[in-house]
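Down below is the structure, laid out as structure tokens.
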Amino acid sequence: MSAERNLPVRSSMVSVVALRGSGAATQMLVARRAGAYLDGAWSYLAGHVEAGETGWQAALRELREETALVPQSFWATSFCEQVYLAATDTVEIVPAFVARLAEGVQVRLNGEHSAFRWVTLDEAAALLPFGSQRELLAHVRREFVEREPSPFLRLAPR
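If you read the sequence shown in UniProt numbering, its first letter stands for residue 1, the second for the next number, and so on.
Next up, the structure:
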């Protein structure tokens with residue numbers, strides 16, 4: 001019998017679901033990836049945590065860097081995606097956050113994305129390529145759209 005090997009588990013990335021509107025009129029920002037990693041795929045925003053940052057600080061920074069958006073309110077979701085990354089043979093645990101935005105905000109993409117769209121949650125579910133993304137979307141719909149989120153999850157402003 002050969003010795004077992006554990007896959008490395010790390011948490012160095014965050015995801016941000018940006019929403020505007022409320023109830024049935026809620027829309028989600030999706031952006032089309034540009035570059036070698038997932039080129040052409042539609043997704044919510046995501047990125048890596050930098051040295052000295054907390055997870056939620058990284059998520060706010062990624063939102064600003066990738067879209068120039070500043071949320072009216074910002075929330076932890078109590079949901080983490082779990083993703084196997086074949087390139088590094090690791091399991092990545094990705095905490096997710098929700099950014100609530102005002103109607104009429106102006107999105108300015110950086111070079112990480114080639115396009116963006118505001119879509120309904122059903123349209124977003126059809127565009128997202130991975131099951132874990134659709135599971136996060138279902139959680140966001142249930143906990144942030146169909147009901148008021150727990151005040152204990154609010155991060156900014158307080």
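Positions of the beta carbon are idealized from the N, C-alpha and C atoms, including for glycine.
Cβ-based neighbour list, residue i, same chain, cut-off 8 angstroms, excluding 5 preceding and 5 following
{"i": "E103", "result": "R20 and G21"}
{"i": "R147", "result": "none"}
{"i": "M13", "result": "A46, G47, H48, V49, E92 and V94"}
{"i": "Q82", "result": "V91, E92, I93, V94 and S132"}
{"i": "D89", "result": "L7 and P8"}
Residues that DSSP places opposite residue i in a beta bridge
{"i": "P95", "result": "C80"}
{"i": "H48", "result": "M13"}
{"i": "H113", "result": "R33"}
{"i": "L85", "result": "T90"}
{"i": "Q27", "result": "R20 and T120"}
{"i": "L38", "result": "L38 pairs with nothing; no bridge assigned."}
C-alpha distance - residue i paired with residue j, whole-angstrom precision
{"i": "V107", "j": "L60", "result": "15 angstroms"}
{"i": "H113", "j": "L7", "result": "31 angstroms"}
{"i": "E143", "j": "A3", "result": "43 angstroms"}
{"i": "A76", "j": "R5", "result": "33 angstroms"}
{"i": "G23", "j": "P157", "result": "22 angstroms"}
{"i": "F122", "j": "R100", "result": "Phe is not the amino acid found at residue 122; the sequence shown has Asp there. In a straight line, the C-alpha of D122 is about 18 angstroms away from that of R100."}
{"i": "L109", "j": "P151", "result": "30 angstroms"}
{"i": "T67", "j": "R32", "result": "12 angstroms"}
{"i": "W118", "j": "M28", "result": "5 angstroms"}
{"i": "P149", "j": "E53", "result": "25 angstroms"}
Start and end residues, beta strand (DSSP E) containing residue i
{"i": "L60", "result": "Premise fails: L60 lies in the alpha helix (DSSP H), G55 to T67, not in any beta strand (DSSP E)."}
{"i": "R154", "result": "R154 to A156"}
is_contact[residue i, chain C] using C-beta, thresh 8 angstroms
{"i": "E53", "result": "Of the protein chains in this structure there is only one, and it is not chain C."}
Cβ neighbours of residue i in the same chain (closer than 6 angstroms, five flanking residues each side left out)
{"i": "S11", "result": "I93"}
Contacting residues, own chain, Cβ-Cβ under 7 angstroms from residue i (five flanking each side not counted)
{"i": "F79", "result": "A96, L136 and H139"}
{"i": "D39", "result": "R33"}
Residue range of the alpha helix (DSSP H) that includes residue i
{"i": "V140", "result": "G131 to V140"}
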